[in-house]
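Participant: These protein sequence lines map, in sequence, to chains A and B.
Residues -19 to 289 (the working numbering) are what the first sequence spells out, left to right.
Residues -19 to 289 (the working numbering) are what the second sequence spells out, left to right.
Beta carbons are placed, not taken as given, at the ideal position from N, Cα and C, and that holds for glycine.
I'd like to ask some things about the structure below.
Number of protein chains: 2
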Amino acid sequence: MRTIIGIDIGGTSIKASAVSPNGRLLCIHTAETPKQEELVCVLESLVRLCKADAVEAGASAAAIGMGSPGIISTDGKVLFSNNLRMRNFDLRAEVEKKFQLPTSLLNDAFCATLAEYRFGAGRGVKNMAMVTIGTGIGFGAVINGELFTGTNSCMAGGHIITHAGGLDCTCGSKGCWEMYASASALIRIAKGYAQKYPESALNAKEITGLAVADCVRAGDRAASEAMQEYIANLGDGMVSACNILRPERMVVGGGLSGAGELFIEPLREYVLNKMFIGADYAPLDIVCAQMGNAAGIIGAAAYASRMIE
Amino acid sequence: MRTIIGIDIGGTSIKASAVSPNGRLLCIHTAETPKQEELVCVLESLVRLCKADAVEAGASAAAIGMGSPGIISTDGKVLFSNNLRMRNFDLRAEVEKKFQLPTSLLNDAFCATLAEYRFGAGRGVKNMAMVTIGTGIGFGAVINGELFTGTNSCMAGGHIITHAGGLDCTCGSKGCWEMYASASALIRIAKGYAQKYPESALNAKEITGLAVADCVRAGDRAASEAMQEYIANLGDGMVSACNILRPERMVVGGGLSGAGELFIEPLREYVLNKMFIGADYAPLDIVCAQMGNAAGIIGAAAYASRMIE
């Protein structure tokens, strides 16, 4: 068996595992994300551990697939990554040189999309899109069975404009979707409603996305109104993405998707209701992601598998 | 030589011509658009004229490609067309049965996109998008060299939401791009500024898109402010479309594109400035359409050519 080493490079930690062809992880190893100068060195120790796992399982490691936040060019350069504090760094080439194995690097939202498509909530369709709700909005798409990332892999679905002339976005534009529909946006919205309703249970705890969902479940008025406003914001961007890409399935991932149907059901109703001609002539499923935290590793490995097929 | 008969079915008139493999029109024949019951009959007389043109040129007619406004399913049914007052009509099958020639039917915005891609402003790239500014906003895309129309051809790019919670759209949603960026929207916006500035030259004429452009050229303040607001509206939707599809080229068509660089230059500056990471890492051209009124016929024929290759 030939495994692929999948590596998920995050802003605070790095996770790596040898991954079998059917998407199974042999063993996850982790390390803190170091400064850029020490990154290849830390990756080296992780790759060595993963290789040993592969050998122990009677397998080999045939390629390395890495995923990271930021704008990654099609040839695997980190053009810009806020989280990794990197700019124009040819990480893919550095790692490939070190290990003499075919190596790829892909944006983490695209990795998650590919993982869901191959092994998770995206199986069985040829056209899907995925939204990952976190500090920002990650977005990816599969078109005709192939990962689609746009020219030089610069697709940035989180930056569609839903509120023209609205809040300043970090990207320099105004009114971007992620300013209204990220987990950070939900927290901002919930804080506003908590102030409006001093009796709200939201005032008694640290406000996180899942805390808001808990309060909705308990019937809290501030939380319910906040969630309704947030779902409209998230839904408006999903309507836009669906009207352009018209996928068969939309997968929603990120921490908030842990709230499950409480959150997905009203979102589904909102989007199907506002989407062009609804789902009458072109059905659309809206479902929760299934791959959880392993999506980054598995998707990175899945992307690398193209190089050895 | 084998020609294809291209037919552009509009709300008020039908235009048809035999089209050579390199996109040349032999002779355009036109007819008024009749009621649904008489449509196939009118198409029959047009097809007969086009066939005669082909024979006269020493060629044959190998297929029929039709384009029409509305939502056309992948298998060529008119699911819904406001302009043609049709619903669930299997126009493609009716015509194919009549003429015993391979026949296709495609949405008119998709036809225009394909015409520009093959023979016009879209040549030389593999990923492009096209916006057609008219009563609404038509939208089409080519991805990896193939026309992309979404599940069951239901892509509706004019209905991305740019102004969440904004104006009611005919589609049942609110704040759709086409409510803010169609030619009708420009006229509405210009009327507002004409009222605000009674001395404006706009008050002396019938307000059309090109009339507004003429007044901008003459230095009229109301027209200039209206155009600026309109370009921001059009630009915000183009930013969204570009951030999702990240094409190499965006082609702008419709009557207003006749205003040329007066209109395209500020639009280009607006979009490149707001687009995610600008064009630094993934260049984007924004250009005027080149195919003019023949785009519908040529694109319809180009789409049909797939059936006989």
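Since H9 (chain A) meets chain B, which of its residues come closer than 7 Å, beta carbon to beta carbon?
Facilitator: Here the premise fails: no neighbours, minimum Cβ distance about 32 Å.
Participant: Does the Cβ of R72 (chain B) have 16 or more other Cβ atoms within 10 Å, making it buried, or fewer, making it exposed?
Facilitator: Per the 10 Å Cβ criterion, buried.
Participant: Which residues does DSSP list as the beta-bridge partners of F128 (chain B)?
Facilitator: B:A121, per the DSSP bridge assignment.
Participant: Please confirm whether M291 (chain B) has its beta-carbon closer than 8 Å to some beta-carbon of chain A.
Facilitator: Within the shown structure, residues of chain B are numbered from -19 to 289, placing residue 291 (chain B) beyond reach of any answer.
Participant: Would you kindly report the start and end of the unbroken beta strand (DSSP E) that includes S84 (chain A)?
Facilitator: First-last of the beta strand (DSSP E) with S84 (chain A): 83 to 87.
Participant: Within a Cβ cutoff of 7 Å, which residues of the same chain sit near R248 (chain A), ignoring the five residues on either side of it in sequence?
Facilitator: Same-chain partners within the cutoff: I266.
Participant: Rounded to the nearest angstrom, what separates P49 (chain B) and A39 (chain A) at their Cα positions?
Facilitator: Between P49 (chain B) and A39 (chain A), the C-alpha separation is close to 57 Å.
Participant: Taking Cβ positions, are R(-18) (chain B) and I169 (chain B) nearer each other than 8 Å?
Facilitator: Against a cut-off of 8 Å, the Cβ pair of I169 (chain B) and R(-18) (chain B) comes out as no contact.
Participant: Kindly provide the ranges of any alpha helix (DSSP H) runs that are 4 or more residues long and lie completely inside the region 37 to 90 of chain A, ordered along the chain.
Facilitator: Qualifying alpha helix (DSSP H) stretches, in chain order: 71 to 79.
Participant: Determine contact between the region 237 to 253 of chain B and the region 120 to 132 of chain B, defined as no fewer than three beta-carbon pairs at a distance below 8 Å.
Facilitator: Verdict: no, contact absent.
Participant: Thinking just about the alpha-carbon of each residue, which of B:I51, B:F256, B:G276, B:G(-10) is nearest to the one in G137 (chain A)?
Facilitator: Considering only alpha carbons, the answer is B:F256.
Participant: Quick one: using the 10 Å Cβ neighbour count with 16 as the cut-off for buried, is A184 (chain B) buried or exposed?
Facilitator: Looking at its Cβ environment, which holds fewer than 16 other Cβ atoms inside 10 Å, A184 (chain B) is exposed.
Participant: Give the residues from the region 116 to 148 of chain B that approach chain D closer than 9 Å (Cβ to any Cβ), ordered along the chain.
Facilitator: As a matter of chain content, chain D is missing from the structure shown, whose protein chains are A and B.
Participant: With DSSP as the reference, please indicate the residues paired to E12 (chain A) in a beta bridge.
Facilitator: Answer is A:S(-7).
Participant: Using a Cβ-Cβ cutoff of less than 8 Å, which residues in the same chain neighbour I211 (chain B) once the five nearest sequence positions on both sides are dropped?
Facilitator: Here the set comprises F243, P246, L247, Y250.
Participant: Flag M46 (chain B) as yes when its Cβ comes closer than 7 Å to any non-hydrogen atom of the ligand HEM, and as no otherwise.
Facilitator: Among the ligands in the structure shown, none appear at all, so the ligand HEM cannot be discussed.
Participant: In whole angstroms, what separates the C-alpha of S153 (chain A) from that of G116 (chain B)?
Facilitator: Answer to the nearest angstrom: the Cα atoms are 25 Å apart.
Participant: Counting only Cβ pairs nearer than 8 Å, list the residues of chain B close to P227 (chain A).
Facilitator: Chain B residues near P227 (chain A): G130, T131.
Participant: By the criterion of Cβ-Cβ separation under 8 Å, what are the contact partners of Y97 (chain A) in chain B?
Facilitator: In chain order: nothing, as chain B lies at least about 15 Å away.
Participant: Verify the CB distance criterion: does I266 (chain A) have a CB-CB separation below 8 Å to chain B?
Facilitator: With 8 Å as the cut-off, I266 (chain A) does not count as an interface residue toward chain B.
Participant: Quick check: the region 75 to 90 of chain B against the region 27 to 45 of chain B, are there 3 or more CB pairs under 8 Å?
Facilitator: At 8 Å Cβ cutoff, the stretches touch.
Participant: Just checking: is the beta-carbon of I224 (chain B) within a distance shorter than 8 Å of some beta-carbon in chain A?
Facilitator: By this cut-off, I224 (chain B) is an interface position.
Participant: Could you check if E186 (chain A) is buried or exposed, using at least 16 other CB atoms within 10 Å of its CB as the buried criterion?
Facilitator: Classification of E186 (chain A): exposed, given that the 10 Å Cβ count is below 16.
Participant: Are the CB atoms of N213 (chain B) and Y177 (chain B) nearer to each other than 8 Å?
Facilitator: Going by C-beta atoms, N213 (chain B) is not nearer than 8 Å to Y177 (chain B).
Participant: Determine which residues of the region 184 to 217 of chain A have a Cβ less than 8 Å from any Cβ of chain B, and write them out in chain order.
Facilitator: For the region 184 to 217 of chain A, which is checked against every Cβ of chain B, the residues closer than 8 Å are A212, N213, D216, G217.
Participant: According to DSSP, G233 (chain A) sits in a beta bridge with which residue or residues?
Facilitator: G233 (chain A) is bridged to A:T112.
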